[in-house]
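Its first residue numbered -6, the sequence shown is counted upward by one per residue in our numbering. Note that beta-carbon positions come from the ideal geometry of N, C-alpha and C, so glycine has one too. For clarity, every value in this text was computed on a predicted model and none was experimentally measured. One structure below.
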Amino acid sequence: MQIADEIGALNSELNKLKRPYLLIGPGRWGSADPWLGIPVKWAQISGARCIIETGFEDMHVDPSQGSHFFQNIVSFGIGYLIVDCQKNQEDYLDCSWFETYAARIETSHLRHIELPHPLKIVIDGRKNLCLISINIGNQGL
């Protein structure tokens, strides 16, 4: 519950600044069971432009695939991804890349960074593909 409260406070601040964000975290977002993920309510993550569920290192949890917030995700065109931070997986998110940036806010549960340029997120749901890159002007990295 403390994690959900911290995310909710950051979400509120970013919403006031009209700053959408990428939300990444373990397990199911919106789960009522804190052992399966982060028990947030929609109002606590409403500013996210894309939400990523990552796996736990020591436990397999079936992904929610956005089922807790399905109507909001569809209505607002929010990307929802399920990826693993382990390099031996087909789906891969380089979590260590985010760690190369200084934290703007860091608590025992939350790390918020601001990138020097916006992220570009391209999702092809028909082919089950996604690419996230940093958008430098008209060029991606």
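Of all Cβ atoms in chain D, is any one closer than 9 Å to the Cβ of residue i?
{"i": "Tyr73", "result": "Among the protein chains of the structure shown there is no chain D, as only one such chain exists."}
Could you give the distance in angstroms between the alpha-carbon of residue i and the alpha-carbon of residue j?
{"i": "Ile(-4)", "j": "Ile129", "result": "32 Å"}
{"i": "Pro139", "j": "Thr47", "result": "Only positions -6 to 134 of the chain appear in this structure, which leaves residue 139 out of reach."}
{"i": "Asp117", "j": "Leu74", "result": "11 Å"}
{"i": "Asn17", "j": "Arg119", "result": "Here residue 17 is Ile; the residue named in the question, Asn, does not match the sequence. Near 22 Å, if we compare the C-alpha coordinates of Arg119 and Ile17."}
{"i": "Pro109", "j": "Ala41", "result": "18 Å"}
{"i": "Cys43", "j": "Trp35", "result": "13 Å"}
{"i": "Gly133", "j": "Lys113", "result": "In this predicted model, Gly133 has a pLDDT of only 47, less than 50, meaning its place in the structure is not dependable; the value taken from the coordinates is given anyway. Each residue's alpha carbon lies about 7 Å from the other."}
{"i": "Ile87", "j": "Asn65", "result": "First, the amino acid is wrong: residue 87 is Asp here, not Ile. Approximately 27 Å between the Cα atoms of the pair."}
For residue i, which three-state DSSP category applies?
{"i": "Leu25", "result": "One detail in the question is off: residue 25 reads as Ala in this sequence, not Leu. In this structure, Ala25 counts as coil in the three-state DSSP scheme."}
{"i": "Ser101", "result": "coil"}
{"i": "Ile38", "result": "coil"}
{"i": "Val67", "result": "helix"}
With a threshold of 16 other CB atoms inside 10 Å of the CB of residue i, please say whether the residue is buried or exposed.
{"i": "Phe63", "result": "exposed"}
{"i": "Pro32", "result": "buried"}
{"i": "Trp28", "result": "exposed"}
{"i": "Gly70", "result": "exposed"}
Residue i and residue j: beta carbons closer than 9 Å?
{"i": "Leu15", "j": "Ile98", "result": "no"}
My assumption, with CB atoms under 8 Å, is that residue i sits in contact with residue j. Please give the rounded CB distance.
{"i": "Leu124", "j": "Val115", "result": "5 Å"}
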